[in-house]
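> Next up is a structure, given as structure tokens.
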């Protein structure tokens, strides 16, 4: 499988009070189309990833809403898979290109989250959980806190291991001007911030974010390179795996098994080994989630993810820089856009145009996008 | 959304669980709540192992400091969240120390 990433676009992530969902969508889409060198009328179909807009603003029907704002008359779809909506949309877009239905498609992820109160957004996000979890008053910080406590009890993972993820990702975000929090924080700051759900403090959690990301994908592998880049970048693996929506129903509370399954499938499809990966964007919605991702993708043995992060292996300059964008934690987490932002970041790394956060020699990268507490996982492999 | 028919469907199975004893596997104390639960913060939620299934349930009548992994808990019926003035009041399952 080989699909070309022909163009990328990304808005600034953060609290965009002066911009609507459609403003963000247009900005990222037009940037990606311009970057691809294609004309708007060469876009054969549009895939829009979004989780919450119907619930938060009463506006559904985002497929046609987005195409009409871009003056595109072709097919358009809205895809939802909680926080994995972006990755799912990329996967589906790739299937449509492989089927030969389309040649050039736009995949847009967009979310506008800061217009409502914190309890409203907390409730809306719980749409990604199970009925029983909502009745128990659970929240997403609560669900991942349960996984963190189970991991701490079983493997001796510590508060400092969790905090190390946050400190590392803030350092990476300090090098990314698109990030919501482009500044460093200390271990003490993480540990001393207000508790949101034991053992998590506020700085264990990704923030509420507005933002959009877009990529133009193409089955035409011959066309021109993107402006300013020395390499063409291709997606060579794309896999989705699912599990129960409710956390309590899973076999294990200390692993996200869909991560392992999607990861293995994607690597096999690309025909590469895990050790070939030079850079990865993984789904760190909470600090424990990045530790689980390291273990479940196989970058370190089960139970040793905390130590792996704290030793600096996943920091820029380490053997496998992870979340060079700042991750969901510090770059921000506009839920429908996150899976697309991961593809944009790894593409820039492989094009050697990631600036101050460039990973030297990055030629193969991985993205890992999770929906809910692990019910949907999408893994992509990108190569030059 | 508080739908009387959804609540009615859910209520039909509650009696099967009443007074059952389970074991508490893991828990968290939640400080930032969804709509309808804000008045309860902070509150405890855990995953409880029953004979044949595991369930996420609120833990009542105790403190976080007193909880122990694998401790016995008993299922009770309690009010779920806070209903608006014209909504149906919803009851559901929670656990307390056995």
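Chains as they are written, first to last, in our numbering: chain A, 497 to 880; chain B, 8 to 105.
Don't be surprised by glycine CBs; every beta carbon is placed ideally from N, CA and C.
Owing to the predicted nature of the structure, the values given are computational and were not obtained by experimental measurement.
In whole angstroms, what separates the C-alpha of residue 694/A from that of residue 807/A?
Between residue 694/A and residue 807/A, the C-alpha separation is close to 24 Å.
> Measure the alpha-carbon distance for residue 51/B versus residue 66/B and round it to whole angstroms.
In a straight line, the C-alpha of residue 51/B is about 5 Å away from that of residue 66/B.
> Which residues, in chain order, does the stretch 50–62 of chain B contribute to contact with chain A at a C-beta distance below 7 Å?
Under the 7 Å Cβ criterion, the stretch 50–62 of chain B contributes 50, 52, 54, 61 and 62.
> To which residues of the same chain is residue 790/A closer than 8 Å at the C-beta, ignoring the five residues directly before and after it?
Same-chain partners within the cutoff: 778, 796, 801, 804, 805, 810 and 818.
> Does any residue of chain B bring its CB to less than 7 Å from the CB of residue 802/A?
No, residue 802/A does not count as interfacial toward chain B.
> Kindly list, in the order they appear in chain A, the residues whose Cβ is closer than 9 Å to that of residue 74/B.
Residues of chain A passing the Cβ test: none, with the nearest at roughly 11 Å.
> So, does the CB of residue 618/A fall closer than 7 Å to a CB anywhere in chain B?
Yes, residue 618/A counts as interfacial toward chain B.
> Excluding five sequence neighbours on each side, which residues of the same chain lie with their C-beta closer than 6 Å to the C-beta of residue 666/A?
Here the set comprises 680, 681 and 826.
> Given this structure, state the Cα-to-Cα distance separating residue 756/A from residue 869/A, to the nearest angstrom.
Residue 756/A and residue 869/A: Cα-Cα distance of roughly 14 Å.
> Which of the residues in the stretch 693–709 of chain A, read from start to end, lie with their CB under 7 Å from any CB of chain B?
So the list reads 693 and 694, given in the order they occur along the chain.
> Suppose only complete runs of 3+ residues qualify. What are the beta strand (DSSP E) ranges in the stretch 47–92 of chain B, listed by chain order?
Entirely contained in the stretch 47–92 of chain B, the beta strand (DSSP E) runs reaching 3 residues are, in chain order, 50–56, 61–66 and 79–86.
> Just confirm the distance between the C-beta atoms of residue 786/A and residue 661/A, as a whole number of angstroms; I'd bet it's less than 8 Å.
Indeed, because the Cβ distance is near 5 Å, the residues count as touching under 8 Å.
> Please report whether the beta-carbon of residue 629/A lies at a distance below 7 Å from any beta-carbon of chain B.
Yes, because at least one Cβ of chain B sits closer than 7 Å to the Cβ of residue 629/A.
> Got a sec: which bits of the stretch 592–618 of chain A sit with their beta carbon under 7 Å from any beta carbon on chain B, in order along the chain?
Flagged, chain order: 614, 615, 616 and 618.
> What three-state label does DSSP hand residue 674/A in the structure shown?
The answer is coil: DSSP assigns residue 674/A none of H, G, I, E or B.
> For residue 640/A, which of helix, strand or coil comes out of DSSP?
If DSSP states are grouped into helix, strand and coil, residue 640/A belongs with the helices.
> Just to confirm, are residue 863/A and residue 839/A a CB contact at a threshold of 7 Å?
Yes, they are a contact pair.
> Can you find at least 3 beta carbon pairs, one from the stretch 534–549 of chain A and one from the stretch 565–576 of chain A, that sit closer than 8 Å?
The answer is yes - the stretch 565–576 of chain A touches the stretch 534–549 of chain A, with three or more Cβ pairs under 8 Å.
> Using beta carbons (cut-off 7 Å, strictly below), is residue 35/B in contact with chain A?
Yes - at least one Cβ of chain A is within 7 Å of the one on residue 35/B.
> Does DSSP put residue 680/A in a helix, in a strand, or in coil?
Residue 680/A falls in the coil class under three-state DSSP.
> Find the residues of chain A that neighbour residue 40/B, judging by a C-beta separation of less than 8 Å, and give them in chain order.
The contacting residues are 615, 618, 633 and 635.
> Check whether the stretch 844–858 of chain A touches the stretch 606–625 of chain A, taking contact to mean three or more Cβ pairs, one atom from each stretch, closer than 8 Å.
Segments in contact, no.
> Please compile the residues from chain A whose C-beta is within a distance smaller than 7 Å of the C-beta of residue 106/B.
Because chain B is modelled from 8 through 105, residue 106/B falls outside the range shown and cannot be assessed.
> Could you give the C-beta distance for residue 829/A and residue 705/A, rounded to a whole number, given that I count them as a contact under 8 Å?
Yes, residue 829/A and residue 705/A are in contact; Cβ-Cβ is about 5 Å, under 8 Å.
> Are three or more beta carbon pairs between the stretch 62–81 of chain B and the stretch 26–45 of chain B nearer than 8 Å?
Segments in contact, yes.
> Is residue 641/A close to chain B? Criterion is C-beta to C-beta, closer than 7 Å.
Chain B contact via Cβ: present.
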